[in-house]
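Peer 1:
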Amino acid sequence: MGKLKEKVAIITGAGSGIGAAVSRLFVAEGASVTLVDQSEKGLADVASSLGQDVCCVTADVSTSEGAQSYVKKTMETFGKVDIFIANAGMIGPPFSVVDTPIELFDRVLAVNVRSIFLGLKSVIPEMTKSGGGSIVMTASTAALRGGSTMAPYVTSKHAVLGLMRAASSECALLNIRVNAVNPGPIATNMIEEISSARASAGGGVTPANVKQGIMARIPMQRYGQPEEVARMMLFLASEDASFCTGGYYVVDGGMTGGP
983 MGKLKEKVAI ITGAGSGIGA AVSRLFVAEG ASVTLVDQSE KGLADVASSL GQDVCCVTAD
1043 VSTSEGAQSY VKKTMETFGK VDIFIANAGM IGPPFSVVDT PIELFDRVLA VNVRSIFLGL
1103 KSVIPEMTKS GGGSIVMTAS TAALRGGSTM APYVTSKHAV LGLMRAASSE CALLNIRVNA
1163 VNPGPIATNM IEEISSARAS AGGGVTPANV KQGIMARIPM QRYGQPEEVA RMMLFLASED
1223 ASFCTGGYYV VDGGMTGGP
């Protein structure tokens, strides 16, 4: 325990799922944490069990004002930032490329990519003042494969890896490590939304059918747990990963290595 003692972390998308699991683990490992999410209730629910070394910022992370607000609050509360977990994301309802609304494409790219770019612009200068740190972006196995009816999401997650590689090159001499984690299907609200959306598209498919089809492509034959992704992020955030930068780390039960 205590791998993040005296460290300060910012975690976006902290109100549920992977972000909430990362928040709990980082606090348990000694970090002070700024929780960021659009859901005020989600933030309150997560923060209520985490103790005093936590502050909450309700923000739209896809805007410059949102990114600046959580960095400003972190500096006012804790005086520095050592770790940035750029985790906020969305998937959107399923459409073919031809039928995807332009507004949906733009929104998914804004939440999944623009938000990270804006976060980097605000976080990197403060992290540099602290002598360095670690940035971890949430990508997806969708960044390594394709996926029908989810073009905005697949596109955005490929872009996250490109942004990670660009930032890692720039930040290496600043003593800032930049990596990505690529989760496969994880037991969160997002995967339930995917199952329900695909079932609602018709064809007699049920959410249970969708889940069965997804798990059939996972060699370990189960969804991952948010805590399993959180432990990978802990590794990358800590000094255990002191020579790791510019890489992506898959947490998918063997899905991308399977058939």
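Each position in the sequence shown, counted from 1, maps to that position plus 982 in our numbering. Don't be surprised by glycine CBs; every beta carbon is placed ideally from N, CA and C. Since this is a predicted model, take the numbers as computed values, not measurements.
What runs of the beta strand (DSSP E), each 3 residues or longer, lie entirely inside the stretch 1061 to 1115?
Peer 2: As far as the stretch 1061 to 1115 is concerned, its whole beta strand (DSSP E) runs of at least 3 residues are 1065 to 1068.
Peer 1: From which residue to which residue does the alpha helix (DSSP H) around Arg1147 run?
Peer 2: Residues Ala1133 to Cys1153.
Peer 1: What's the call for Asp1064, buried or exposed, on a 16-neighbour Cβ count within 10 Å?
Peer 2: It is buried - the Cβ of Asp1064 has at least 16 other Cβ atoms within 10 Å.
Peer 1: By the three-class DSSP mapping on this structure, what secondary structure does Asp1042 have?
Peer 2: Here Asp1042 sits in coil by DSSP.
Peer 1: For a test of the three-state rule: what should DSSP assign to Val1192, helix, strand or coil?
Peer 2: Looking at Val1192 - three-state DSSP - the assignment turns out to be helix.
Peer 1: Out of curiosity, what's the CA-to-CA distance linking Leu1218 and Glu1085?
Peer 2: The straight-line gap from Cα to Cα measures roughly 34 Å.
Peer 1: Taking one C-beta from the stretch 1092 to 1104 and one from the stretch 1192 to 1202 each time, how about it: are there three or more such pairs within less than 8 Å?
Peer 2: No, the stretch 1092 to 1104 is not in contact with the stretch 1192 to 1202.
Peer 1: Assuming Pro1167 and Tyr1135 make a contact with CB atoms under 8 Å, what is their CB distance in whole Å?
Peer 2: With 8 Å as the limit, Pro1167 and Tyr1135 do not qualify as a contact, their Cβ atoms being about 13 Å apart.
Peer 1: Please identify the residue among Gly984, Ser1044, Ser1046 and Gln1050 whose C-alpha is closest to the C-alpha of Thr1016.
Peer 2: Taking only the C-alpha atoms, the option nearest Thr1016 is Gln1050.
Peer 1: Using the Cα positions of Asn1069 and Gly995, report the straight-line distance between them to the nearest angstrom.
Peer 2: When rounded, the distance between both Cα atoms is 5 Å.
Peer 1: With H, G and I counted as helix, E and B as strand and the rest as coil, what does DSSP make of Ser1220?
Peer 2: Residue state, collapsed to three classes: coil.
Peer 1: Tell me the DSSP secondary structure of Leu1156 in three-state form.
Peer 2: The answer is helix: DSSP assigns Leu1156 an H, G or I state.
Peer 1: Going by DSSP, which residues form a beta bridge with Val1233?
Peer 2: Pro1165, per the DSSP bridge assignment.
Peer 1: Indicate whether the contact test is met: 3 or more Cβ pairs, each with one atom in the stretch 1071 to 1079 and one in the stretch 1028 to 1036, closer than 8 Å.
Peer 2: They do not touch, by the three-pair rule.
Peer 1: Would you list the residues sitting across from Asp1019 in a DSSP beta bridge?
Peer 2: DSSP, once it has assigned bridges, lists Thr1040 as partnering Asp1019.
Peer 1: How many Å lie between Gly1229 and Arg1147 at the Cα?
Peer 2: Their backbone Cα atoms lie some 8 Å apart in a straight line.
Peer 1: Exposed or buried, which one is Met1215 when buried takes at least 16 other CB atoms within 10 Å?
Peer 2: The residue is buried, with at least 16 neighbouring Cβ atoms inside 10 Å.
Peer 1: So which of Gly1144, Met1172 and Lys1062 has the shortest CA-CA distance to Ala1013?
Peer 2: With distances taken between Cα atoms, Ala1013 lies closest to Lys1062.
Peer 1: Okay, do the stretch 1112 to 1129 and the stretch 1146 to 1165 touch, 3+ Cβ pairs below 8 Å being the bar?
Peer 2: Yes: the two stretches touch, three or more of their Cβ pairs being nearer than 8 Å.
Peer 1: Is it right to say Asn1171 is buried, meaning 16 or more other beta carbons lie within 10 angstroms of its own, or is it exposed?
Peer 2: Result: exposed.
Peer 1: How about Val1004 and Tyr1052: do their beta carbons lie closer than 8 Å?
Peer 2: Going by C-beta atoms, Val1004 is not nearer than 8 Å to Tyr1052.
Peer 1: So, helix, strand or coil for Val1009, using DSSP?
Peer 2: Three-state DSSP puts Val1009 in a helix.
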